[in-house]
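Student: In the working numbering, the protein residues as written are 1 to 297.
In this text, a Cβ means the ideal position worked out from N, Cα and C, and glycines have one as well.
Note that the structure is predicted; figures quoted are calculated from it, not measured.
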Ligand SMILES: [Zn+2]
């Protein structure tokens, strides 16, 4: 039996997956805003509970977390300024167990490939669009991690085929500018609306406003369709995956699954793509289960 944890949006989720792929235990723990101390306390509490209730648990724990790329800087929120090296070291010391880390995009790719909508897919690419942007690639049920564990760092690729105004003043927390994260994260989307209207709406409020014929909200979402169309067309040119799966809160916009593939012929080299764009399974423990299946592999 393998245990996975996910640290996402002030909530730690945990799940145990057996070697036959059955889910036998899951639980969650809220993280307070004090960052690392509360994070470590929550992870330790969940691992203690899991191991007490499930004798025979694999010692190694899989963990989906934002700062999972080796030696990369961490976004300036959530779990503070820990790099992945710090995070893994502190988690291992606190848990008393080895830990393997993946990004939310990688955990989602594993979940969808092993248990979700991509079980029959040879090549699966995931984009996790939430406070930050992460990707993940699986071949069959195997996560491709790369020579330096950085596969799927799409959030910090530049937005493809930019128009001139998209090149100006788009600073990213990573120190570069024009990154996909600046356009395709929640903050990026909400800033688009705020910069035109000086009114702060969250993604659901923007979607509701568009439904109520707010022209600015409609325009912001149409631009999102096109930017995501460009981003996914670049993925198709590189990997030609069977499926691209979107996760995170932006992925809940149902319009994307009709509108984004319509953009592909304008950007992808092939005019007819067999790639399917799918919404991630609506499963609260998906990232924890994906992280657990990393341990199994
Ligand atoms: Zn960046």
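Between residue 105 and residue 291, which are expected to be in contact by the criterion C-beta below 8 Å, what is the C-beta distance as a whole number of angstroms?
Tutor: Along the chain shown, read from residue 1 onward, the residue named residue 105 stands at position 105. Along the chain shown, read from residue 1 onward, the residue named residue 291 stands at position 291. About 12 Å; that fails the 8 Å criterion.
Student: Note down, one range per segment and in chain order, each alpha helix (DSSP H) of at least 4 residues found wholly within the segment 197–261.
Tutor: The qualifying runs are 203–211 and 215–239.
Student: Please classify residue 153 as buried or exposed, where buried requires at least 16 neighbouring CB atoms within 10 angstroms.
Tutor: Against the chain shown, residue 153 aligns to sequence position 153. Looking at its Cβ environment, which holds 16 or more other Cβ atoms inside 10 Å, residue 153 is buried.
Student: Under 6 Å, CB to any heavy atom of ligand 1. Which residues pass, going along the chain?
Tutor: Cβ atoms closer than 6 Å to ligand 1 belong to 156, 172, 174, 176, 179 and 181.
Student: Excluding the 5 residues flanking residue 127 on each side, which residues of the same chain have their C-beta closer than 6 Å to its C-beta?
Tutor: Stepping through the chain shown from its first residue, residue 127 is reached at position 127. So the qualifying residues of the chain are 135 and 246.
Student: For residue 30, list the residues DSSP reports as bridge partners.
Tutor: Looking up residue 30 in the chain shown gives position 30. Residue 30 is bridged to 11.
Student: Name the DSSP beta bridge partners of residue 62, please?
Tutor: Numbered from 1 along the chain shown, position 62 holds the residue referred to as residue 62. In DSSP, residue 62 forms a bridge with 4 and 100.
Student: Mind checking residue 66: buried by the 16 CB within 10 Å criterion, or exposed?
Tutor: Working through the chain shown from its first residue, we reach residue 66 at position 66. Answer is buried; the Cβ neighbour count reaches 16.
Student: Could you work out which residue in 268, 103 and 219 is closest to residue 192 when comparing CA atoms only?
Tutor: Start at 1 with the first residue of the chain shown, and residue 192 comes out as number 192. The residue with the shortest Cα to Cα distance from residue 192 is 219.
Student: Would you call the segment 90–110 in contact with the segment 222–239, where contact means no fewer than 3 C-beta pairs closer than 8 Å?
Tutor: Short answer: they don't touch.
Student: Have a look at 230, 47 and 102 and flag the residue whose alpha-carbon is nearest the alpha-carbon of residue 149.
Tutor: Here residue 149 is taken as the residue at index 149 of the chain shown, counted from 1. The candidate whose alpha carbon is nearest that of residue 149 is 102.
Student: Go through its chain and collect everything with a Cβ distance to residue 242's Cβ below 6 Å, but skip five positions before and after it.
Tutor: Counting from one through the chain shown, the residue named residue 242 turns up at place 242. Cβ neighbours of residue 242 beyond the five flanking positions: 121, 122 and 123.
Student: CB residue 26 to CB residue 15, shorter than 8 Å?
Tutor: Position 26 of the chain shown holds residue 26. Position 15 of the chain shown holds residue 15. The answer is yes: Cβ separation under 8 Å.
Student: Considering Cα atoms alone, identify which of 90, 4, 36 and 32 is closest to residue 49.
Tutor: Mapped onto the chain shown, residue 49 falls at position 49. The residue with the shortest Cα to Cα distance from residue 49 is 4.
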